[in-house]
Structures are given as C-alpha cells and as structure tokens.
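Counting in full-length UniProt numbering, the sequence shown runs from 1 upward without gaps. Built from N, CA and C at the ideal position, the CB exists for glycine as well. Below: the structure, in structure tokens.
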Amino acid sequence: MSNKEGARTPQPVEDERVALKARKVSFSWEDTPLHWVPGDPFATHTINVLHLLLPAGERWFVHVYKQVLPYIRDERLREDVIGFIGQEAMHSQAHDEVLPHLREQGLDPTPYTAQIDWFFEKLLGDRTLPPGRARRWWLLERVALIAAIEHYTAFLGDWVLNAGELDRRGADPTMLDLLRWHGAEEVEHRSVAFDLFTHVDGGYRRRVRTWAVAFAALLFLWQRGARFFMENDPTLVDGRASFTAFYVRGRRGTLPATGALLRSIPRYLSRTYHPSQEASTAQAVAYLASSPAALAAESATRTAGTDTGAAEGHGQGKGVA
Ligand SMILES: [Fe+2]
Ligand SMILES: [Fe+2]
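Right, here's the structure in full:
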C-alpha cells in the first residue's frame with residue numbers, strides 16, 4: 001500500500017483491542033427514585049430515553065449480526081462479532097428491566113416503546129426480498145447503519161464514564177452503574193461494528209449515507225422520547241423538553257455537551273477514522289473491574305463454576321469426605 005493510500009484508509013490502534021465477554025449482570029431498582037438525577041427531571045428523562053430505544057435497538061443489532069455471521073471470513077473478527085452479540089443481548093435485557101420500575105412510578109412507557117418496536121422490527125426488519133442482490137444490499141445497509149450507531153454508543157459510553165458531575169449531584173448509584181457498565185462495554189467493543197462493516201463492504205459513500213440516516217433518526221427519536229417522558233411524568237405540571245435545556249445541561253456536565261456531539265461528526269466521516277482512535281479501553285476495563293454489577297456477575301459465574309465442579313466431582317466419586 002502506498003503512503004497516499006494509507007493516509008486515506010481507516011487507521012486502527014491495535015493496543016485498544018480486547019477479547020470480549022458478556023457479563024451477566026442484574027440490578028435491583030427498588031431504591032431508585034423517579035428523578036434519579038436529583039432535582040433534574042430533564043437530565044433524568046433525557047438519559048432515560050436509552051431504556052426506550054435500547055431494548056428493541058440492541059435486539060435488532062443481534063438479529064442483523066446473526067445473519068451476517070456466514071459472510072465473515074476472518075476468525076478474529078468472527079470471535080469479536082460473537083462477543084459483541086453476547087454483550088448487546090445483555091444490554092438490551094438490562095435496560096428492558098428498568099421499564100416495569102418506571103411503570104410502578106406512574107410513568108408507563110408502552111405507547112412509546114410500541115413505536116420503537118415497530119421501527120426496529122418492521123421498518124428496519126427483514127424485508128420480503130428475493131435472495132441475491134436486493135437481500136444482500138439491505139443487509140449491508142443495516143450493517144453500515146449499526147456501525148454509525150455504534151459511533152454514538154461509544155461516544156455516550158465514554159461520556160458517562162467521565163461524567164463526574166452526575167456523581168457530584170448525587171445521581172442514583174444503581175442507575176449510574178447500569179449506565180457505566182453498559183458504557184464501558186460499548187467502549188470495549190467500539191471497533192467491532194466498524195470492522196465488520198469494513199470487512200463486508202466498507203464503501204465510503206455508504207458510510208456517509210448511513211451516518212446521515214442514523215444521526216437524523218437518533219436525534220428524532222431522542223427528542224421525541226425526552227418529550228414523551230417530560231409530558232407524561234406524573235410529578236410535573238407542565239413538563240417540557242427543549243434544545244436550550246439540553247444545551248444548558250451539556251455545559252453543566254449532566255448531559256453530553258452539544259459542541260462535543262458536533263465535533264464527533266467529522267471524525268466519523270474522516271476517511272482515516274477508526275473507532276479505536278476514540279475513548280480508552282483501559283478506562284473501560286478498569287471500570288468493569290470495579291462495577292458492582294459486573295463484580296456480582298463475575299462472582300456468580302465463579303460460584304456456578306465451583307458448584308458444577310463439585311457436582312462433577314461427586315459424579316466421579318471424588319466428593320469431599
Ligand atoms: Fe450496548
Ligand atoms: Fe454496542
């Protein structure tokens with residue numbers, strides 16, 4: 001490859017790669033207040049939109065990726081994609097489990113989640129297409145869309161890992177752990193979707209086109225979700241969501257800053273972009289090593305392993321005396 005070509009192709013940072021594993025976490029929500037960012041329903045609900053979008057969205061990632069597996073001709077990438085599928089399935093479930101808690105607090109998200117389910121399952125679902133070019137085109141288009149969305153999940157993961165202002169304002173520790181466990185795994189696997197897209201297609205025009213669709217859809221769904229929560233929050237008299245409120249929280253540090261969001265756009269569209277250039281795997285791994293939920297998952301796995309070992313030992317006549 002000539003230097004000129006190298007300068008125009010994605011430049012991965014090899015040290016940022018890590019073997020992926022799904023951590024089987026669980027959270028208990030009894031003590032989490034409705035406004036888990038104290039005194040700030042808007043910041044709370046803007047982040048709560050994740051619980052509306054991610055269950056269906058991440059199930060959709062898994063659905064699409066299972067269809068792409070047969071097209072992967074690189075063993076290392078296949079392992080990454082399988083690890084990614086395991087992590088996203090767990091994320092989807094963990095966010096889904098917050099919804100009954102919102103319902104108990106008088107905020108029923110069903111009217112909105114029904115629309116999101118339709119969006120991912122029908123609009124972005126499998127179409128009745130003839131096998132061959134059309135079917136493959138639709139699959140590649142969705143793989144590219146996921147790569148663009150994952151640019152933002154990594155952006156948000158990096159943001160929440162560093163959002164010290166949420167701690168300073170006394171945000172609920174269980175919710176922070178859910179967001180940071182998820183955010184850390186997003187940072188951990190941030191290169192997989194882009195590597196997969198590069199492997200099966202990687203066309204620059206497709207990257208730009210699908211970024212535009214993903215960005216517009218995320219903005220649209222996010223502001224609608226925030227509005228839905230603010231208008232239906234039983235404790236608010238005239239709850240409203242606005243861009244100004246978002247901008248102010250961004251400056252304060254309780255939501256991502258508008259400037260940082262805007263600056264992330266040209267980075268994704270750069271021909272040398274690779275997700276490993278963003279965020280820090282070391283920080284993500286360090287968080288996962290101390291996350292209460294991830295640690296509980298780790299010890300549950302170890303206990304299950306010990307139990308299985310003991311049971312196997314008995315079976316072989318090697319039980320304890
Ligand atoms: Fe995720
Ligand atoms: Fe992800």
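C-alpha distance - residue i paired with residue j, whole-angstrom precision
| i | j | result |
| --- | --- | --- |
| His314 | Met175 | With a pLDDT of only 38 at His314, under the threshold of 50, the placement of this residue in the model should not be trusted, and no figure is reported. |
| Gly86 | Lys21 | 7 Å |
| Glu231 | His45 | 10 Å |
| Glu188 | Ser28 | 25 Å |
| Val285 | Glu150 | 18 Å |
| Arg251 | Pro109 | 28 Å |
| Tyr273 | Val18 | 19 Å |
| Thr254 | Leu288 | 22 Å |
| Arg264 | Leu139 | It is worth fixing the name first, because residue 264 is Ser in this sequence and not Arg. About 26 Å. |
| Leu123 | Val208 | 20 Å |
| Ala114 | Asn162 | 32 Å |
| Thr301 | Leu295 | 10 Å |
| Leu218 | Ala148 | 11 Å |
| Ala279 | Val160 | 11 Å |
| Phe194 | Leu77 | 11 Å |
| Leu262 | Arg249 | 16 Å |
| Gly125 | Ile47 | 26 Å |
| Arg73 | Tyr65 | 14 Å |
| Val81 | Arg127 | 23 Å |
| Tyr152 | Tyr247 | 18 Å |
| Pro100 | Glu141 | 34 Å |
| Thr210 | Phe84 | 20 Å |
| Glu16 | Ala216 | 29 Å |
| Val25 | Arg206 | 36 Å |
| Leu179 | Gln93 | 13 Å |
Identity of the residue in the options nearest residue i by Cα
| i | options | result |
| --- | --- | --- |
| Arg23 | Leu166, Glu104, Ala184, Thr46 | Ala184 |
| Glu121 | Val62, Val25, Asp201 | Val62 |
| Pro33 | Gly125, Leu107, Ala154 | Leu107 |
| Ala282 | Pro10, Arg8, Glu14, Leu139 | Glu14 |
| Thr9 | Val81, Pro130, Tyr204, Ser26 | Tyr204 |
| Ser191 | Trp159, Gln277, Arg267 | Gln277 |
| Gln67 | Glu30, Leu50, Leu53, Arg136 | Arg136 |
| Gly202 | Ser299, Ala94, Tyr268 | Tyr268 |
| Phe243 | Glu30, Ala257, Pro234 | Ala257 |
| Asp31 | Val98, Arg206, Ala43, Phe229 | Val98 |
| Gln105 | Ser270, Glu75, Gly83, Thr235 | Thr235 |
| Leu53 | Gly239, Phe215, Ile116, Pro266 | Ile116 |
| Pro12 | Ala134, Val49, Thr198, Ser291 | Thr198 |
Anticipated Cβ contact below 8 Å, residue i with residue j, distance rounded
| i | j | result |
| --- | --- | --- |
| Trp118 | Ala293 | About 31 Å; that fails the 8 Å criterion. |
| Pro55 | Asp96 | 4 Å |
| Arg224 | Pro38 | Rounded, the Cβ-Cβ distance is 25 Å, inconsistent with contact. |
| Val213 | Tyr71 | In fact, because the Cβ distance is near 22 Å, the residues do not count as touching under 8 Å. |
| Asp172 | Trp60 | Between Trp60 and Asp172 the Cβ distance is about 28 Å, and since that is not below 8 Å, they are no contact. |
| Glu58 | Glu79 | Rounded, the Cβ-Cβ distance is 19 Å, inconsistent with contact. |
| Pro275 | Ala154 | 6 Å |
| Gly164 | Glu186 | About 19 Å; that fails the 8 Å criterion. |
Boundaries (first-last residue) of the alpha helix (DSSP H) holding residue i
| i | result |
| --- | --- |
| Ile85 | 75-96 |
| Asp167 | 164-168 |
| Trp159 | 133-161 |
| Phe27 | From DSSP, Phe27 is part of no alpha helix (DSSP H); its letter is neither H nor E. |
| Lys66 | 41-68 |
| Ile265 | 258-269 |
| His199 | 192-200 |
| Arg249 | 243-252 |
| Thr235 | From DSSP, Thr235 is part of no alpha helix (DSSP H); its letter is neither H nor E. |
| Gly203 | Segment: none, Gly203 is in no alpha helix (DSSP H) and carries neither H nor E. |
| Glu183 | Before going further, note that residue 183 is Gly rather than Glu in the sequence given. First-last of the alpha helix (DSSP H) with Gly183: 173-188. |
| Ala282 | 281-288 |
| Tyr112 | 110-118 |
| Arg103 | 99-104 |
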